[in-house]
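All letters in the sequence shown, in the order written, are residues -24 to -1, 1 to 394 by mature numbering (1 follows the signal peptide of the UniProt record, and there is no 0).
Just so you know, even glycine gets a beta-carbon here, dropped at the ideal spot from N, CA and C.
Just below is one structure, and these are the notes that go with it.
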Amino acid sequence: MQRRNSRWLIGTGLAVAGALTLSACSSGSGFGDTADAGGELTSDSSQGLNILIGSSGDAETASVNSAVAAWSEKTGTDAKVSVASDLNQQLAQGFAAQKPADVFYLSTDALAGYASNGSLLAYGDELANKDDFYPSLVSSFTYDGEFYCAPKDFSTLGLVINTDLWAQAGLTDADIPTTWDELAAVSKTLTTDTQVGLALGGEYARLGAFMAQAGGSLMSEDNTEATANSAESVAGLEYAKMLLNDGVMSYASEIGAGWGGEAFGKQLSAMTIEGNWITGAMKSDFPEVNYTVAELPAGPEGQGTLQFTNCWGIAADSPNQAAALQLVEELTSKDAQLTFSEEFGPMPSIQSAAAEWKNANPTLVAFLDGADYAQGVPNVKGAADVTSDLNAQLESLKTGDAQAILDSVQQNLEALLK
């Protein structure tokens, strides 16, 4: 699951760009610029539903198949789940051929392209449970003032700590860092000849958490203003640069690992900053490593983390939008989301499931607590390409100029808003 979530920001730039180009061929069902569910939904009951997902593995595939099959049996509506080998590409091909899947996983950075040309049904306000979703998730799937699609689940970033290495360094629970100064101090204490104190991926999807803790962001919460080169955003990257130059933090790629979870699992680092998808990797690949999860330390402007999410998109061209909406309501229900969480690990996107999820996952509570202050990624059209360029620049942050890096990002984002 870790690789799928990482790709939401660092690996989809070109694929999303291609997808949005192809999707421009969609007819949009004749809805014009916006396919709004406020009108009458299509409801051809002779048509079954095709559901396209991008799965993290066998567990997720089986879980979604089971949920969809149960709904199909209950309602009498045929429904088939297909697993995409390349979700962005296959979505784009379906829209280009005017034969899109009825329901599908959709990432935040793909929303604007499909929404802007009428490919998507804007059904968010029709959901019976629309007020139950976390507001920050609703914001991630709101485009041009319309709530388009139901967030299916989400992840945040937390501080993952190797408890054995922690104890060996003479640290206790009282030393779990809650501030930047404390994080720097314990990272230094944990750094040895064989391990670095903290390792993480060298991309915005991880380093952006420091920007958030400093009060910065790439864009305003409503995605109407670029804020990448604010003093707060720069301060966040400068703090990360300091840790890198002090030798107490490293990029995973610099110490022989593909991502932060691998560096942590191989005990090349004593801590990492990752999302709750790391739990699956630790269980399957590094079961001997003992760890705990804490909320990320607060920066000068308080706590901050990033969140990652997909929604259940519904095609404007679907001949049975009414059934598609019913299916999405079922898949985002409390029971369904708690079952998904148990079977393949995601956090429920609805607030009413929080207490039960925390009771079932006491060691992972820090991830869900982060929802109260999590920051979403920009969802304006073209933002994925800007983020890809930022990631390339962040590779050399250790010797680079944080202000200059974010000045270029600011210019690129402002160009998208013109």
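Rounded straight-line distance, which links the Cα of residue j to that of residue i
i     : j    : result
S5    : A292 : At S5, the pLDDT of 38 sits below 50, so the modelled position is not reliable; the number obtained from the coordinates is stated separately. If you take the alpha carbons of S5 and A292, they lie about 6 angstroms apart.
Q283  : D169 : 33 angstroms
V385  : S209 : 11 angstroms
G184  : S193 : 8 angstroms
E305  : V44  : 12 angstroms
W142  : L97  : 50 angstroms
L389  : A202 : 6 angstroms
A55   : S260 : 31 angstroms
T255  : D129 : 16 angstroms
T375  : E49  : 59 angstroms
W333  : S131 : 13 angstroms
E197  : T148 : 37 angstroms
A359  : S42  : 35 angstroms
N335  : S309 : 18 angstroms
V57   : T165 : 49 angstroms
T(-4) : L82  : Note that T(-4) has pLDDT 36, beneath the 50 cutoff, so the model's placement of it is unreliable and no number is given.
W288  : Y124 : 9 angstroms
Residue i in three-state terms, based on DSSP
i      : result
I137   : strand
S260   : helix
P127   : strand
L382   : helix
I152   : coil
T281   : strand
T203   : coil
G146   : coil
Q23    : coil
G(-12) : Confidence at G(-12) is low in this model, with a pLDDT of 34, below 50, so its placement is unreliable and no value can be given for it.
S163   : helix
Y215   : helix
Q74    : coil
A300   : helix
S226   : strand
Residue i classed as buried or exposed, judged by whether at least 16 other C-beta atoms fall within 10 angstroms
i    : result
Q387 : exposed
K394 : exposed
A342 : buried
E250 : buried
K357 : buried
Run of the alpha helix (DSSP H) containing residue i, from where it starts to where it stops
i    : result
E49  : 34 to 51
Y81  : That residue, Y81, is in no alpha helix (DSSP H); its beta strand (DSSP E) goes 79 to 83.
G184 : 180 to 189
S115 : 111 to 116
K374 : Looking at the DSSP string, K374 is not in any alpha helix (DSSP H), and its letter there is neither H nor E.
N266 : No alpha helix (DSSP H) contains N266, which DSSP labels as neither H nor E.
S317 : 310 to 320
8 angstroms Cβ cutoff, residue i in contact with chain D
i    : result
Q279 : Within the model displayed, chain D is absent; a lone protein chain is all it includes.
Extent of the continuous beta strand (DSSP E) to which residue i belongs
i    : result
M247 : 245 to 251
V57  : 55 to 59
V172 : 172 to 176
Answer yes if the stretch 262 to 271 comes into contact with the stretch 134 to 146, meaning at least three C-beta pairs across the two stretches below 8 angstroms, and no otherwise.
-> Using a C-beta cut-off of 8 angstroms, the stretch 134 to 146 makes contact with the stretch 262 to 271, since at least three inter-stretch Cβ pairs fall below that distance.
State whether the stretch 365 to 374 contacts the stretch 159 to 168, with contact taken as three or more CB pairs (one from each stretch) at a distance under 8 angstroms.
-> Touching, no, given that fewer than three Cβ pairs across the two stretches are closer than 8 angstroms.
Is it a yes or a no for the stretch 218 to 225 touching the stretch 96 to 113, going by three-plus beta-carbon pairs under 8 angstroms?
-> With the cut-off at 8 angstroms, the stretch 218 to 225 and the stretch 96 to 113 do not touch.
Meets three-Cβ-pair contact criterion under 8 angstroms: the stretch 315 to 324 and the stretch 20 to 38 = Taking 8 angstroms as the limit for Cβ pairs, the verdict is that the stretch 20 to 38 does touch the stretch 315 to 324.
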